[in-house]
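>
Numbering (this note's numbering), first residue to last: 1 to 167.
1) Give the range of the alpha helix (DSSP H) segment to which residue 69 is assigned.
2) For the alpha helix (DSSP H) containing residue 29, name the first residue and the last one.
3) Are residue 17 and residue 40 close, meaning C-beta to C-beta below 8 Å?
4) Let me confirm a value: residue 62 is counted as buried when at least 16 other C-beta atoms fall within 10 Å, else exposed. Which label applies?
5) Can you tell me whether residue 21 is buried or exposed, with buried defined as 16 or more other CB within 10 angstroms of its CB?
6) By a C-beta neighbour count over all protein chains shown, 10 Å radius and 16 as the cutoff for buried, is residue 131 buried or exposed?
7) Have a look at residue 35 and residue 122 and give me their C-alpha separation to the nearest angstrom.
8) If residue 66 and residue 104 are in contact, beta carbons under 8 Å, what's the gap, nearest whole angstrom?
9) Short of 7 Å in beta carbon distance, which residues of its chain neighbour residue 15, apart from the five on each side in sequence? Order them along the chain.
Shown next as structure tokens:
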């Protein structure tokens with residue numbers, strides 16, 4: 001049975017993104033006979049932003065971690081599309097391995113600071129939040145090229161919409 005290569009999440013709490021996207025890639029090989037390699041960290045990045053906004057809106061009365069579930073992957077893909085691994089590795093330094101200890105701590109500190117000082121930050125905190133993600137995961141590409149079936153698409157950071165991939 002054809003499958004995509006095994007990927008290493010290393011020191012990140014992102015098994016949820018790796019496992020679900022691996023399943024999706026394998027299903028696409030079976031149905032399309034096309035091997036896709038999706039960016040787990042694109043989904044993780046979008047999930048971090050959504051979780052942070054919910055966490056701040058709920059005044060910290062919910063969990064804010066790097067963990068997630070199948071429904072997080074599907075929701076992020078539906079909302080933001082998907083990027084191929086080649087367009088967004090989620091590691092700004094080539095050859096590095098995923099290590100989110102510092103990222104998780106920094107993001108957690110920021111959202112808790114925002115909650116404690118909500119009147120001072122308003123919505124500007126999200127700019128800082130995304131800058132932290134840029135440093136640790138890399139900036140999103142302004143555009144990228146992707147091939148689906150027999151079509152070459154030029155896409156924006158919104159990514160490849162779910163409906164353009166036959167599942």
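Backbone N, C-alpha and C define an ideal beta-carbon position, used for all residues, glycine too. Computed from a predicted model, the values in this text were never measured in an experiment.
A quick look at the data gives this:
1) In this chain, residue 69 is not harboured by any alpha helix (DSSP H), its DSSP state being neither H nor E.
2) First-last of the alpha helix (DSSP H) with residue 29: 15 to 32.
3) For the pair residue 17 and residue 40, the CB atoms are nearer than the 8 Å cut-off.
4) Result: exposed.
5) By the neighbour-count criterion, in which a residue is buried when 16 or more other Cβ atoms sit within 10 angstroms of its Cβ, residue 21 is buried.
6) With fewer than 16 Cβ atoms within 10 Å of its Cβ, residue 131 is classed as exposed.
7) When rounded, the distance between both Cα atoms is 44 Å.
8) Contact flag correct, Cβ pair sits at about 5 Å.
9) Within the same chain, and ignoring the five residues on either side of residue 15 in sequence, the residues whose Cβ sits closer than 7 Å to its Cβ are 9.
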